[in-house]
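Have a look at the structure below before the remarks.
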Amino acid sequence: MRLKPETGVEVLRRAVELGVDHFDTAAFYGPANELLRAALAPYAPELVIATKVGPGVHPERGFYQAMTAAELRTQVEENLRGLGVDVLDVVNLRVGNADSLAERFGVLAELQKAGLIRQLGVSNVTTEQLEEARAIAPVVCVQNWYSVDRRDDDSLIDLCASYGIAYVPFASIADGVATEAAQAVAAAHGISAQQLRLAWTLHRSPNILAIPGTSKVAHLEQNVAAGAVQLTPAEVKSLE
Ligand SMILES: NC(=O)c1ccc[n+]([C@@H]2O[C@H](COP(=O)([O-])OP(=O)(O)OC[C@H]3O[C@@H](n4cnc5c(N)ncnc54)[C@H](OP(=O)(O)O)[C@@H]3O)[C@@H](O)[C@H]2O)c1
1 MRLKPETGVE VLRRAVELGV DHFDTAAFYG PANELLRAAL APYAPELVIA
51 TKVGPGVHPE RGFYQAMTAA ELRTQVEENL RGLGVDVLDV VNLRVGNADS
101 LAERFGVLAE LQKAGLIRQL GVSNVTTEQL EEARAIAPVV CVQNWYSVDR
151 RDDDSLIDLC ASYGIAYVPF ASIADGVATE AAQAVAAAHG ISAQQLRLAW
201 TLHRSPNILA IPGTSKVAHL EQNVAAGAVQ LTPAEVKSLE
């Protein structure tokens, strides 16, 4: 079921009221940029809106992976237009395969130098690809798939922390298996399984920035509240 625009606006405005200052979007997420713009423009200076390029939707060709400088520039411009800004706060290059990202990241670094982008990040990358990107331009964030039961990136998270790079896990609350241990910890704190998954993720490392997706104000409020849940070392151990 598609989110009604007025519901999206309500969720976004409530998020800002609750102190959320980091949003994740992309032109290829349908009307997400336009929704952010309708809800939050003119944007408060403390808001950071991270967008991403790589996959794109062409009006005639449909879904495609941007590989050329011209395609990447078109995608950056599409995000600028959708969000209604002159400069994008953060642009992630979404990679998602084992190929070298050097050429594409180099294009984004040029667009950064041209003043269209403030900061650069990478998404769906390996440690080797992060290092390849860092050799070209500073990287402020890595956005990868990670959760309490999908921990392939444990060493990458620590590496990012050592570099002062934010690690932004996606899909960290969806599709979780509620183990007996998780049910017990959630019950002890009076929180839901999703809040617990989020609390664990935030607990994992100080350089984690969460981007839980929700279409509901009630879930948003629960997710923000999960940020204050303190897990004991024994609870963390039982979850892991
Ligand atoms: N870089 C990438 O390749 C990539 C890939 C996927 C996603 N992302 C980004 O990551 C964000 C999060 O990922 P995601 O949305 O796939 O996964 P997620 O945040 O782990 O889970 C979202 C799902 O959990 C539900 N949910 C949220 N809060 C809840 C709560 N408190 N209680 C119960 N259910 C709750 C949502 O449903 P309701 O709407 O009902 O709350 C939605 O179905 C996306 O919005 C996107 O910006 C990036």
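Under UniProt numbering, the first residue of the sequence shown carries the number 1, and numbering increases by one thereafter. Idealized CB from N, CA, C, for every residue including glycine.
Three or more pairs of CB atoms, one per stretch, sit closer than 8 Å, so the segment 193-211 contacts the segment 221-232.
For Tyr167, the enclosing beta strand (DSSP E) stretches over residues 166-170.
Per the coordinates, the alpha-carbon of Ala199 lies some 30 Å from the alpha-carbon of Gly54.
As summarised for the segment 37-78, the continuous beta strand (DSSP E) elements at least 3 residues long and confined to that stretch are 48-53, 55-58, 62-65, given in chain order. For Phe105, the enclosing alpha helix (DSSP H) begins and ends at 102-113. When C-alpha distances from Tyr163 are compared across Pro138, Arg151, Phe170, Ala186, the shortest belongs to Pro138. By DSSP's assignment, His219 forms no beta bridge with any residue. Remark: the C-beta of His219 is in contact range of ligand 1, defined as less than 8 Å to any heavy atom. Ligand 1 has no heavy atom closer than 8 Å to the beta-carbon of Gly8. Per DSSP, the unbroken beta strand (DSSP E) holding Leu88 starts and ends at 88-94. Arg13 carries a helical assignment under DSSP once its states are collapsed to helix, strand and coil. Per DSSP, the unbroken beta strand (DSSP E) holding Val122 starts and ends at 117-123. Its chain contains Val9, Leu12, Arg13 as the residues whose beta carbon lies nearer than 6 Å to that of Ala39, once the 5 sequence neighbours on both sides are disregarded; these appear in chain order. Secondary structure at Val177: coil, using DSSP grouped into helix, strand and coil. The beta carbon of Gln65 is closer than 7 Å to those of Gly54, Pro55 in its chain, skipping five residues each way along the sequence.
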